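A.B. asks: In the working numbering, the protein residues as written are 12 to 321. No residue lacks a Cβ here, since even glycine has one placed at the ideal position from N, Cα and C. None of these values were measured; they are calculated from a predicted model. Once you've had a glance at the structure underneath, I'll fire off some questions.
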């Protein structure tokens, strides 16, 4: 079965608001985080073509706000004390989503738009090729019901990775029939046996102190001690001055930060992020936005992983 990539136009905000006036899919992140616990998407089978944006995530108090996050709330640790929290490594990539229409047509998205081509989509070329290849395997599981979100890690942003498990690192699955995100066990069950790799999970359980969480911020699980030499090599391969690439990168060994999910009743009911202070400094010191630079490709731990077994 050949499953073509959908060619779609971005749906104007006004149209989305009229179609689903009660569904907070245009989350602006001004609430406490509990606002992400309710319905975030229309039920399946309503209007085809309306993109379901991944919800914006409030910061946990003590996290360093990133550019563009000035309107997001900072939530005290007491909000999640003693509750079941899944802690993931926050990877520095581009938000992407994979879904299908009810007819089995593949749709790829990034934030608020479908991927339909153009120079700003250079970093997604490999995603389009890989997704088209694995679509016949994903379709029986996702159907027209689920949206699989992940971090697309091909292009270096601020952190360079030299040992990624995959370029598409899945981190959430939305059930459009209920408007809720599956909890971690539910996602694992749905995606079991598929060629889909999830982001690293650092810990899970109840936490009583913020320091228990921040102590998890160590070296990235997706880098080796030799990542600096690997960056120089990747930059040279891309025709970029290695010293320039290093200056535009986070020089620390530590991960960007943490992504926290409060999971109850089989679903994600709240989500927060905690960003390391030094990461923001690196972003500001880089002097430019990653999208305006030549692409330097992150490296995979296993270069054959994208199409292994296919």
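Would a C-beta distance cut-off of 8 Å place residue 212 and residue 99 closer than the cut-off?
C.D. replies: Cβ atoms of residue 212 and residue 99: closer than 8 Å.
A.B. asks: Taking just the CA atoms, how far does residue 110 sit from residue 54?
C.D. replies: Caution is warranted here: a pLDDT of 38 is assigned to residue 54, below 50, making its placement in the model unreliable, and no coordinate value can be reported.
A.B. asks: Between which two residues does the alpha helix (DSSP H) holding residue 166 run?
C.D. replies: It is not in any alpha helix (DSSP H) - residue 166 carries neither H nor E in the DSSP assignment.
A.B. asks: Quick one: what does DSSP say residue 124 is sitting in, helix, strand or coil?
C.D. replies: Three-state DSSP puts residue 124 in a strand.
A.B. asks: Are residue 312 and residue 102 touching if we call contact CB-CB under 8 Å?
C.D. replies: Against a cut-off of 8 Å, the Cβ pair of residue 102 and residue 312 comes out as no contact.
A.B. asks: I'd like to confirm the pairing. Which residues does DSSP put opposite residue 216 in its beta bridges?
C.D. replies: DSSP, once it has assigned bridges, lists 96 as partnering residue 216.
A.B. asks: With a 10 Å radius around its C-beta and 16 neighbouring C-beta atoms as the bar for buried, classify residue 288 as buried or exposed.
C.D. replies: Result: exposed.
A.B. asks: If contact is defined by three or more beta carbon pairs under 8 Å, each pair taking one atom from either stretch, is the region 243-255 in contact with the region 304-311?
C.D. replies: Yes, since at least three Cβ pairs between the region 304-311 and the region 243-255 fall closer than 8 Å, the two stretches touch.
A.B. asks: CB residue 256 to CB residue 242, shorter than 8 Å?
C.D. replies: Yes, Cβ-Cβ distance for residue 256 and residue 242 is below 8 Å.
A.B. asks: Give the straight-line distance between the Cα atoms of residue 135 and residue 163, rounded to the nearest whole angstrom.
C.D. replies: About 8 Å.
A.B. asks: On the CB-based measure, 16 or more other CB atoms within 10 Å of its CB, does residue 105 come out buried or exposed?
C.D. replies: Residue 105 is buried by the Cβ-count criterion.
A.B. asks: Kindly indicate the opening and closing residues of the beta strand (DSSP E) around residue 199.
C.D. replies: That residue, residue 199, is in no beta strand (DSSP E); its alpha helix (DSSP H) goes 195-202.
A.B. asks: Using 8 Å as the threshold, is the C-beta distance between residue 195 and residue 274 below it?
C.D. replies: Yes; because the gap between Cβ atoms is below 8 Å, this pair is in contact.
A.B. asks: Is residue 317 near the ligand GDP, in the sense that its beta carbon is under 7 Å from a heavy atom of that ligand?
C.D. replies: No copy of the ligand GDP occurs in the structure displayed, which carries no ligand at all.
A.B. asks: Out of curiosity, what's the CA-to-CA distance linking residue 210 and residue 117?
C.D. replies: In a straight line, the C-alpha of residue 210 is about 22 Å away from that of residue 117.
A.B. asks: Cβ of residue 187 within 8 Å of Cβ of residue 158?
C.D. replies: Contact flag set, yes.
A.B. asks: In this structure, how does DSSP classify residue 310 when only helix, strand and coil are distinguished?
C.D. replies: Three-state DSSP puts residue 310 in coil, outside helix and strand.
A.B. asks: Helix, strand or coil, according to DSSP, for residue 191 in the structure here?
C.D. replies: If DSSP states are grouped into helix, strand and coil, residue 191 belongs with the strands.
A.B. asks: Short check: CB of residue 179 to CB of residue 107, under 8 Å?
C.D. replies: Contact flag set, yes.
A.B. asks: Please report how far the alpha carbon of residue 323 lies from the alpha carbon of residue 276, in whole angstroms.
C.D. replies: Residue 323 cannot be examined here, being either before or after the span of the chain that is shown, 12 to 321.
A.B. asks: Closest to residue 215 by C-alpha separation, out of 75, 91, 64, would be which residue?
C.D. replies: Ranking the options by Cα distance to residue 215, first place goes to 91.
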